[in-house]
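Asks: I'd like to ask you about the structure that follows.
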Ligand code: FES
């Protein structure tokens with residue numbers, strides 16, 4: 645069998661079986677015509693519908709998540725006096741209970757005269773965290789979890805979520821807890 649320079653066989657070299665198959669394919673095409681142009685249009689229309697529906701769905705999901713985020717962040721809790729400013733020394737922690745008598749919490753005075761307070765319950769498996777002033781962190785001894793003292797964000801170990809932050813209000817020389825941000 646001779647070949648074209650591109651390696652394909654010449655038409656006149658096709659075997660009878662191959663010629664028969666080609667004729668049958670032509671007959672099928674004639675009997676069942678398919679309009680490729682129309683197919684192209686439908687595809688574009690479908691693509692447009694898909695884009696519109698997907699955009700709408702994404703917008704709805706984003707709006708729902710934003711709403712849930714707002715609801716989650718809304719601090720709620722009783723107003724409770726926590727400490728006198730003079731009692732909170734930089735580098736030391738003041739432990740208290742908030743918002744319920746069983747909920748242990750920790751109040752810190754950070755460099756720069758900033759006061760922050762967190763739930764003492766580790767977000768991994770609920771062990772109590774302790775302040776380590778020399779490293780500016782809250783440490784969970786159960787599995788070596790570490791949280792940033794300024795933000796409450798997890799920095800090392802198994803915890804994936806930040807510590808719940810207790811909202812503080814300063815009125816003169818008194819510090820009050822007014823809610824918990826999850
Ligand atoms: S309970 Fe705190 S790291 Fe596991």
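In the numbering used here, the protein residues as written are 645 to 826. Note that the Cβ used here is the ideal one computed from N, Cα and C, for glycine as well.
(1) Taking the Cβ atom as the reference point for each residue, do residue 811 and residue 795 lie within a distance shorter than 7 angstroms?
(2) For residue 754, which residues from the same chain have a beta carbon less than 8 angstroms from its beta carbon, with the 5 sequence-adjacent residues on both sides left out?
(3) Using the beta-carbon count (16 or more within 10 Å), is residue 789 buried or exposed?
(4) Give me the residue from 722, 802, 782 with the minimum Cα distance to residue 769.
(5) Whole-angstrom Cβ separation of residue 729 and residue 819, contact assumed at under 8 angstroms?
(6) Can the beta-carbon of residue 806 be found closer than 7 angstroms to that of residue 797?
(7) Would you tell me roughly how many angstroms separate the C-alpha atoms of residue 694 and residue 710, rounded to the nearest one?
(8) If we ignore side chains and look at the alpha-carbon of each, how far apart do residue 757 and residue 782 end up?
(9) By Cβ distance below 6 angstroms, which residues in the same chain neighbour residue 664 in space, the five residues on each side in sequence not counted?
(10) With distances taken Cα to Cα, identify the nearest neighbour of residue 767 among 668, 669, 690, 826.
(11) Could you pull the start and end residues of the beta strand (DSSP E) that residue 727 belongs to?
Replies: The short version:
(1) no
(2) 734, 760, 780, 793, 794
(3) buried
(4) 802
(5) 6 angstroms
(6) yes
(7) 24 angstroms
(8) 18 angstroms
(9) none
(10) 826
(11) 724 to 728
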